[in-house]
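Per UniProt numbering, the very first residue in the sequence shown carries number 1; after that it's consecutive.
Where a beta carbon is used, it is the ideal one built from N, C-alpha and C, also for glycine.
The block underneath contains the structure these notes are about, expressed in structure tokens.
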Amino acid sequence: MEAKRRRKKTAAAPDPGRRESVRLPDSRELWLRPVHPADAGPIAGAFDLLSEDEIRRRYLHPLKALAPVYLAQLVSPEPGRSYVVVAAEPLPPGEALVGAVARVDLDPGTESAEFAILVSHFLAGQGLGKRLMRRVVEWAQAQGLRRLWGDVLEDNTAMLALAQAIGFRREHVPGSGGQVRVTLDLGPAALKSRS
Numbered sequence: 001m002e003a004k005r006r007r008k009k010t011a012a013a014p015d016p017g018r019r020e021s022v023r024l025p026d027s028r029e030l031w032l033r034p035v036h037p038a039d040a041g042p043i044a045g046a047f048d049l050l051s052e053d054e055i056r057r058r059y060l061h062p063l064k065a066l067a068p069v070y071l072a073q074l075v076s077p078e079p080g081r082s083y084v085v086v087a088a089e090p091l092p093p094g095e096a097l098v099g100a101v102a103r104v105d106l107d108p109g110t111e112s113a114e115f116a117i118l119v120s121h122f123l124a125g126q127g128l129g130k131r132l133m134r135r136v137v138e139w140a141q142a143q144g145l146r147r148l149w150g151d152v153l154e155d156n157t158a159m160l161a162l163a164q165a166i167g168f169r170r171e172h173v174p175g176s177g178g179q180v181r182v183t184l185d186l187g188p189a190a191l192k193s194r195s
């Protein structure tokens with residue numbers, strides 16, 4: 001309860017609900033936009049196209065399919081507690097192929113949130129991870145959070161490099177089987193030092 005009272009929403013924060021048109025270096029156009037319930041089918045279909053390694057790096061263990069309950073939560077995030085942004089074809093939700101997803105979930109009773117990002121190999125190396133991370137950070141700042149964190153496998157060098165470039169600090173998670181926790185401080189002093 002005390003953490004909730006201390007959190008103040010930032011008045012001038014960018015609208016995380018906006019749709020942003022992005023032209024990739026390879027000339028493809030995508031929309032970065034909030035997830036929509038109609039994206040469930042395209043996200044499930046895109047999951048089937050992921051390699052075992054992509055799935056393991058994102059979910060930290062092998063998965064054969066997205067559980068229906070998880071998929072329903074992913075496409076219907078609870079406002080103020082979760083935020084999900086997708087990189088999709090410039091078509092209406094439900095029709096657009098989804099090639100990347102970023103999710104952030106508030107840790108109840110704290111001033112922290114956990115994030116996760118998945119960019120399919122079809123879109124890797126195009127700068128989408130950085131753009132998605134920017135949207136996740138904007139949402140966390142708009143919620144008045146002080147920390148953003150995520151668990152990353154040690155061999156996920158692309159995600160670890162992105163986190164380091166943005167200013168996340170790393171620490172090994174004892175007994176986790178090769179996981180690294182990356183944490184970004186969002187408090188006023190931390191943000192000022194990165195400006």
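Simplified DSSP state of residue i, which is helix, strand or coil
i: Leu18; result: Correcting the residue type first, residue 18 is Arg in the shown sequence and not Leu. Three-state DSSP puts Arg18 in coil, outside helix and strand.
i: Glu107; result: Note that residue 107 is Asp in the sequence shown, not Glu. Three-state result, Asp107: coil.
i: Glu114; result: strand
i: Arg170; result: strand
i: Gln73; result: helix
i: Gly178; result: coil
i: Pro42; result: helix
i: Ala88; result: strand
i: Val136; result: helix
i: Leu160; result: helix
i: Arg28; result: coil
i: Asp151; result: strand
i: Gly94; result: coil
i: Leu80; result: Residue 80 is actually Gly in this sequence, not Leu. Correct three-state label for Gly80: coil.
i: residue 202; result: Nothing can be reported for residue 202, as the shown portion of the chain is limited to 1 through 195.
i: Ala67; result: coil
Buried/exposed call for residue i, threshold 16 Cβ in 10 Å
i: Gly150; result: buried
i: Pro108; result: exposed
i: residue 233; result: Past the boundaries of the shown model lies residue 233; the chain is included only from 1 to 195, so the question cannot be answered.
i: Glu138; result: buried
i: Ala38; result: exposed
i: Ala72; result: exposed
i: Tyr70; result: exposed
i: Val104; result: buried
i: residue 200; result: No statement about residue 200 is possible, as the shown extent of the chain runs from 1 to 195 and does not include it.
i: Val173; result: exposed
i: Arg169; result: exposed
CA-to-CA distance, residue j to residue i, given in whole angstroms
i: Leu24; j: Pro92; result: 19 Å
i: Leu68; j: Ala40; result: For the sequence presented, residue 68 should be read as Pro rather than Leu. For Pro68 and Ala40, the distance between alpha carbons rounds to 9 Å.
i: Val22; j: Ile43; result: 19 Å
i: Gly144; j: Thr110; result: 11 Å
i: Arg19; j: Ala87; result: 10 Å
i: Leu132; j: Pro34; result: 11 Å
i: Ser76; j: Leu186; result: 26 Å
i: Ser27; j: Gly175; result: 43 Å
i: Asp155; j: Arg181; result: 13 Å
Cutoff 8 Å; reference residue i; Cβ partners in own chain excluding five residues on either side
i: Glu54; result: Leu118, Ser120, His121
i: Gly129; result: Ala100, Ile117, Val119, Ala158, Met159, Leu162
i: His36; result: Val75, Pro93, Gly94
Own chain residues within Cβ distance below 6 Å of residue i, not counting five before or after
i: Pro90; result: Glu29, Trp31
i: Leu106; result: Arg81, Ala113
i: Phe115; result: Val104, Val136, Leu148, Gly150
Cβ neighbours of residue i in the same chain (closer than 7 Å, five flanking residues each side left out)
i: Arg135; result: Pro16, Leu32, Val85, Ala102
i: Ala140; result: Val104, Ala113, Leu148, Leu186
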